[in-house]
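Undergrad: Chains as they are written, first to last, in the working numbering: chain A, 95 to 214; chain B, 75 to 153; chain C, 177 to 293.
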């Protein structure tokens, strides 16, 4: 659930996702469920960490969410056709666990902010 | 920032984040045991120190940071 | 996108706990991961939300997640015990929940503190 991915530097990256009609997180109301944004953030983080590991010549493993904290959701959620833009900053990294701060917006309006740890 | 001031700030931030009594954060106390840290919360501590003091604790340095005094020295010399 | 009968079934529910059977019907397992099915973390969050909606009779959404900790992996075939503390406030609902192995309460899988609206 990531269409576009742009590396800014060692600490920051951004990604986009245009919500397709058949996205599995779309609700009966036609809106993306909040878990869908979390999945988009998790996949962005996994892509980013995977990229950095590859650059460092390390093995790229499957990524799992370790925890989610300080997550604030601003409803209403976006709909099919809308584009999510996520900015992600690496806050800390210890061994195989990376903590990121993420902010996802649609049309310049913040829909979610959170901290997430990814183990891989 | 003076070292005393840094220590005061550190104790207050850590006690708050890891929900422990600030009194238990003594210089010679063990960091992991005092704050019940596991592999995930250790990353929180590293992130917090980076955010609040602008000091990045490197993974290879972590094993040498056993007590709070070790942490204070590490952070103070790199601020 | 209700996940019941696809990702999980409810075996029983009482005041103390909800017993859940994790199914392997969901198409997500084809990719997550081939030959090594693991329940995606966000779907566990969704499953808990659905259980809270069912119990309160309200169409709730996460407004804030204070802490969601994935302690151990969840896989299809697992039987889980959902223990939850649901506090209905004015407008919002505070949820504290844990998922653990139904046969071994010490085998904790997930811990959640969240607010729903």
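Where a beta carbon is used, it is the ideal one built from N, C-alpha and C, also for glycine. Remember, it's a predicted structure, so these values are computed and weren't measured experimentally.
1) Three-state secondary structure (DSSP) at residue 147 of chain B?
2) Interface residues of chain B around residue 188 of chain A at Cβ under 7 Å?
3) Going straight from the alpha carbon of residue 140 of chain A to that of residue 189 of chain A, what length do you get?
4) Check whether the Cβ atoms of residue 268 of chain C and residue 293 of chain C sit closer than 8 Å, and answer yes or no.
5) Which residue wins for smallest C-alpha separation from residue 196 of chain C, given the options C:283, C:184, C:279 and C:231?
6) Mind checking residue 198 of chain A: buried by the 16 CB within 10 Å criterion, or exposed?
7) So what does residue 271 of chain C bridge to, in DSSP terms?
8) I'd like to know whether the C-beta atoms of residue 257 of chain C and residue 276 of chain C end up nearer to each other than 8 Å.
9) Looking at the strands, I want to know which residues DSSP matches up with residue 166 of chain A.
10) In this structure, how does DSSP classify residue 209 of chain C when only helix, strand and coil are distinguished?
11) Let me make sure I understand the geometry here. Which of C:266, C:246 and C:254 has the alpha-carbon closest to that of residue 112 of chain B?
12) Return the chain-ordered list of same chain residues with a C-beta closer than 8 Å to the C-beta of residue 139 of chain B, the five sequence neighbours on each side being excluded.
13) Within 10 angstroms of its Cβ, does residue 211 of chain C collect 16 or more other Cβ (buried), or is it exposed?
14) 8 Å is my cut-off, CB to CB: does residue 221 of chain C come that close to chain A?
15) Going by DSSP, what residues sit across from residue 140 of chain A in a beta bridge?
16) Of all the CB atoms in chain B, is at least one closer than 8 Å to the CB of residue 185 of chain A?
17) Select from the stretch 142-157 of chain A all residues with a C-beta closer than 8 Å to any C-beta belonging to chain B, and list them in chain order.
18) Would you identify the three-state DSSP class for residue 214 of chain C, choosing helix, strand or coil?
19) Is it buried or exposed for residue 250 of chain C, if we count other Cβ within 10 angstroms and need 16 for buried?
20) Strictly below 9 Å CB to CB, what residues from chain C border residue 83 of chain A?
21) Can you pull the chain A neighbours of residue 239 of chain C, defined as C-beta to C-beta under 7 Å?
22) Rounded to whole angstroms, what is the Cα-Cα separation between residue 143 of chain A and residue 266 of chain C?
23) Spatial neighbours of residue 166 of chain A within its chain, please: C-beta separation below 8 Å, excluding the five flanking residues on both sides.
24) Mind pulling the chain B residues with CB within less than 9 Å of residue 191 of chain A?
25) Grab me the residues of residue 129 of chain B's own chain with a C-beta within less than 7 Å of its C-beta, minus the 5 sequence neighbours each way, in chain order.
TA: Answer, in terms of the structure:
1) Residue state, collapsed to three classes: helix.
2) For residue 188 of chain A, the residues of chain B that pass the 7 Å Cβ criterion are 116, 117, 120, 133 and 136, in the order they occur in the chain.
3) So the two alpha carbons sit approximately 15 Å from each other.
4) A Cβ-Cβ contact shorter than 8 Å links residue 268 of chain C with residue 293 of chain C.
5) For residue 196 of chain C, the closest C-alpha among the options C:283, C:184, C:279 and C:231 is that of C:184.
6) Residue burial is scored here from C-beta neighbours: residue 198 of chain A has at least 16 other C-beta atoms within 10 angstroms and is therefore classed as buried.
7) Looking at the DSSP assignment, residue 271 of chain C forms a beta bridge with C:262 and C:290.
8) In this structure, residue 276 of chain C lies closer than 8 Å to residue 257 of chain C by Cβ.
9) Beta-bridge annotation (DSSP): residue 166 of chain A is paired with A:207 and C:240.
10) Residue 209 of chain C: coil per DSSP, three-state reduction.
11) Ranking the options by Cα distance to residue 112 of chain B, first place goes to C:246.
12) Same-chain partners within the cutoff: 105, 131, 145 and 148.
13) Exposed, since its Cβ has fewer than 16 Cβ neighbours within 10 Å.
14) Yes - at least one Cβ of chain A is within 8 Å of the one on residue 221 of chain C.
15) Looking at the DSSP assignment, residue 140 of chain A forms no beta bridge with any residue, so it has no partner.
16) Cβ-Cβ to chain B under 8 Å: yes for residue 185 of chain A.
17) For the stretch 142-157 of chain A, the set of residues with a beta-carbon nearer than 8 Å to any beta-carbon of chain B is empty.
18) Of the three classes helix, strand and coil, the one that applies to residue 214 of chain C here is coil, per DSSP.
19) Buried, because 16 or more other Cβ atoms sit within 10 Å of the Cβ of residue 250 of chain C.
20) Any question about residue 83 of chain A goes unanswered here, given that chain A covers just 95 to 214.
21) Near residue 239 of chain C (Cβ distances below 7 Å), the residues of chain A are 167.
22) Near 41 Å, if we compare the C-alpha coordinates of residue 266 of chain C and residue 143 of chain A.
23) Result list for residue 166 of chain A: 206, 207 and 208, in chain order.
24) Neighbours of residue 191 of chain A in chain B, taken as residues whose beta carbon is under 9 Å from its own, are 113, 114, 116 and 117 in chain order.
25) Answer for residue 129 of chain B: 123, 149, 152 and 153, listed in chain order.
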